[in-house]
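Asks: Can you read through this structure? Questions will come right after.
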Amino acid sequence: MKFGNLVIAGLVTGSIYAVFAVCVSVWYRVSNILNLAVGDFAMCGALGVDNLVRVRNWPLPLAIITTLAVVGIFAFAYDRIVLRLAQDGPRRQEGIVITFFFTFALSFFIDGVAKMLFGSDVHAAPALWNGQSLTWASLNLPRAGLLVLGCALIVGGAFWFYIRFTLGGKAMEASGENSLGARIVGIDTRRYRMLIFIGTAVIAAIFGIVESPITGYTYLSGATISLTGFLAAAYGGFRKPGRALLAGLFIGILEALLGGYVSAEYGDTVMYAILAALVLIMPRQLGFESAVGG
Amino acid sequence: MTSEPPSEQTPDPDPDPGATEANVALAVTGLSVSYGNVVAVHDATFTVTEGDACAITGPNGNGKSSILMGVTGMVRRRGDVEIFGAQARNGDVRWAARHGLTLVPERRQLYPDLSAYDNVILGCYAWTRSIGKARSSGPFSRAIELFPELKPHLKQAAGTLSGGQQQMVAIARGLASDPKILAVDEPCLGLAESVARRVYDVLAKIHEQGTTLIVVEEAPKRALTLCNRRVEVRNGVAANSRAGAA
């Protein structure tokens, strides 16, 4: 059952990528800004809870609530101070500067602060669901992995439902498609940008807390997570959260199978080669042309 | 680049003395709009009575659209704008939409990746957050029924529709917001004559149903087939005048 176990491991890793890809694409859809700091919010969640529990002996529920509140307030302040000036102010920025620059800088800023606060060792938040792996027909189902997978499906499903079946979700899409056209019908585009930014930052932090017992985090882990989430989001043209979720799961399974059957050492290299080849062979079907062409 | 404000003054600030405060839908006093140092509109004063169809006409680049942009709050302005007696917030197009003045802008400003249906239903956002209420509402049904030719294309992405169909979606979206005043900016720009006629037929129907209309048009002849009132704009200065339907 090596194949089955590899697929389960891949689904768990893939669901992490998927959630970050969904966070990146949902916020891009509303703001036209790529959130390159989404992984850093996950790192803050994991290391923040670890620090409060392990070093300061806070009870776990209080540590989680406090960490999520701090992440949410920080995201709110960042939107109010930086993004408002950058996107709404009289000297607003456009093009690649606004698309990449401000969240890239935010990622470096968070990494620097995290290094000061949490040091450079590998840590993880306490596991939320303790115990041995569940087994079913010789398949190993790690509890933390199941938790991550379950959360990914809930987040993906919730966003899909929100966008597809609510007027608020459609208004969110309209905000990113045409800000002027959205304001004409009374949509508060700035409010949507702020709410989705805070929401995705908090979701990323929750995932950091849930997932960190599997992989462990350092202050630099955020950048790697952001990169893979970014890659999966790119497969959805940065605008299709559902497709980004599937791409994240696919990348996770591909990574696990290549690591198991091809080479543990060069698995990642082969995976990126396959992903690049896919982009070259069918850019339109994968949404890359629409991403580049807007 | 700097342009001096035009020296002429509005010749007739309110040529319709019959309009009482009770039936004034829109009152514009001393409206000026500038883009940097360039003055696009200078000291425009006019009123639109409830039930009127008002044409804002004038040559291209003379400030017609800027008047509408300033009135609806798409750009910041100087001067006062009252919508049914309430002082309109400066630079806040959302406020205008929620208080009964909806703009159908030049170049339509649709959401190209969303379906035509979603574009229209988003007009309802001006008065509800419930998609169920929006779907079963009168304004939404009215907007869809006014354009039977759109029905086969409602699931199609708005960006893939023809220019005429996009204009119809834009007007339908405006209607779904349940406006008391519908302001339409250059509704026939770039459209074939037959499509332009169809657009004007629909605007006439909307007016007949009791909605106050403001139409910005370069060609006064076409506008005056529909409108009973005209604001002529020359060099950024609005001259209010009464015009019977031609």
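Protein chains in written order, with the numbering used here: chain Z, -13 to 280; chain V, 6 to 251.
We treat Cβ as the ideally placed atom computed from N, Cα and C, and that holds for glycine.
Take V/Arg227 as the anchor and find which of V/Arg239, V/Leu208 and V/Glu213 has the nearest alpha-carbon.
Replies: For V/Arg227, the nearest C-alpha among the options comes from V/Leu208.
Asks: Would DSSP call Z/Val171 helix, strand or coil?
Replies: Here Z/Val171 sits in coil by DSSP.
Asks: Can you grab the Cα-Cα spacing for the pair V/Gly68 / V/Ala177, in whole Å?
Replies: The alpha-carbon atoms of V/Gly68 and V/Ala177 are separated by roughly 26 Å.
Asks: Identify every residue that forms a DSSP beta bridge with V/Thr335.
Replies: What the structure shows of chain V is the stretch from 6 to 251, and residue 335 of chain V is not part of that stretch, so it cannot be assessed.
Asks: Could you list which residues in chain Z have their beta carbon closer than 9 Å to that of V/Arg239, in chain order?
Replies: In chain order: nothing, as chain Z lies at least about 27 Å away.
Asks: Between which two residues does the beta strand (DSSP E) harbouring Z/Asp26 extend?
Replies: Element bounds for Z/Asp26: not the beta strand (DSSP E) but the alpha helix (DSSP H), Val24 to Asp36.
Asks: Output, in chain order, the set of chain V residues within a Cβ distance shorter than 7 Å of Z/Arg169.
Replies: The answer, in chain order, is Val98 and Arg99.
Asks: Output, in sequence order along the chain, the residues in the segment 142 to 170 of chain Z whose CB is closer than 8 Å to any CB in chain V.
Replies: Those would be Phe151, Thr152, Leu153, Gly154, Lys156, Ala157, Glu159, Ala160, Glu163, Asn164, Leu166, Gly167, Ala168, Arg169 and Ile170, in chain order.
Asks: Nearest by alpha-carbon distance to Z/Ala190: which of Z/Ala233, Z/Val134 and Z/Ala160 is it?
Replies: The residue with the shortest Cα to Cα distance from Z/Ala190 is Z/Val134.
Asks: Per DSSP, V/Glu213 is paired with what?
Replies: According to DSSP, V/Glu213 bridges with nothing at all.
Asks: Give the DSSP-derived three-state secondary structure of V/Ile219 in the structure shown.
Replies: Of the three classes helix, strand and coil, the one that applies to V/Ile219 here is strand, per DSSP.
Asks: Label Z/Pro45 either buried or exposed according to how many other C-beta atoms from any shown protein chain fall within 10 Å of its C-beta, with 16 as the threshold for buried.
Replies: Classification of Z/Pro45: exposed, given that the 10 Å Cβ count is below 16.
Asks: Taking only three categories from DSSP, how would you classify V/Val80?
Replies: Coil, per DSSP.
Asks: Identify which residue in Z/Val99, Z/Tyr221 and Z/Phe236 has its Cα closest to the Cα of Z/Ile267.
Replies: Among Z/Val99, Z/Tyr221 and Z/Phe236, the Cα nearest to that of Z/Ile267 is on Z/Tyr221.
Asks: Would a C-beta distance cut-off of 9 Å place Z/Thr89 and Z/Asn21 closer than the cut-off?
Replies: The answer is yes: Cβ separation under 9 Å.
Asks: My output table needs one value for V/Ala224: the three-state DSSP class, helix, strand or coil.
Replies: V/Ala224: coil per DSSP, three-state reduction.
Asks: Rounded to the nearest angstrom, how far is the Cβ of V/Gly179 from that of V/Thr62, given a contact under 8 Å?
Replies: No, V/Gly179 and V/Thr62 are not in contact; Cβ-Cβ is about 20 Å, not under 8 Å.
Asks: Who does V/Leu154 pair with in a DSSP beta bridge?
Replies: Inspection of the sequence shows that residue 154 of chain V is occupied by Glu rather than by Leu. Paired residue(s): none; V/Glu154 is not in a bridge.
Asks: For V/Ala121, decide whether its Cβ has a neighbour in chain Z, counting only Cβ atoms nearer than 9 Å.
Replies: No, V/Ala121 does not count as interfacial toward chain Z.
Asks: For V/Arg103, which residues of its own chain have a beta-carbon under 8 Å away from its beta-carbon, when the five flanking residues on both sides are left out?
Replies: Same-chain partners within the cutoff: Ala131 and Trp132.
Asks: What residue range is occupied by the uninterrupted beta strand (DSSP E) comprising V/Ala30?
Replies: Start and end: Val29 to Tyr40.
Asks: Just how far apart, CA to CA, sit V/Gly56 and Z/Ile211?
Replies: Whole-angstrom Cα-Cα distance: 59 Å.
Asks: For V/Pro192 versus V/Val238, is the C-beta distance shorter than 9 Å?
Replies: Result no, Cβ atoms of V/Pro192 and V/Val238 do not sit closer than 9 Å.
Asks: Determine, for Z/Gly279, whether the minimum Cβ-Cβ distance to residues of chain V falls below 9 Å.
Replies: Summary for Z/Gly279: the model assigns pLDDT 44, below 50, so the residue's position carries little reliability; its value from the coordinates is reported in the next sentence. No, Z/Gly279 lies away from the interface with chain V (no Cβ there is under 9 Å from its Cβ).
Asks: Distance check for V/Leu187 and V/Ile72, CA to CA, integer angstroms please.
Replies: Those two C-alpha atoms are separated by around 14 Å.
Asks: Note down, in chain order, every chain V residue with its Cβ under 7 Å from the Cβ of Z/Asp74.
Replies: Residues of chain V passing the Cβ test: none, with the nearest at roughly 12 Å.
Asks: Does DSSP put Z/Leu266 in a helix, in a strand, or in coil?
Replies: It is helical.
Asks: List the residues of chain Z that V/Ile136 touches, going by C-beta distances under 8 Å, in chain order.
Replies: The answer, in chain order, is Phe151, Thr152, Leu153 and Lys156.
Asks: Tell me, please, whether the CB atom of Z/Asp174 is closer than 9 Å to any CB atom in chain V?
Replies: For Z/Asp174, the answer is yes, since a Cβ of chain V falls inside 9 Å of its Cβ.
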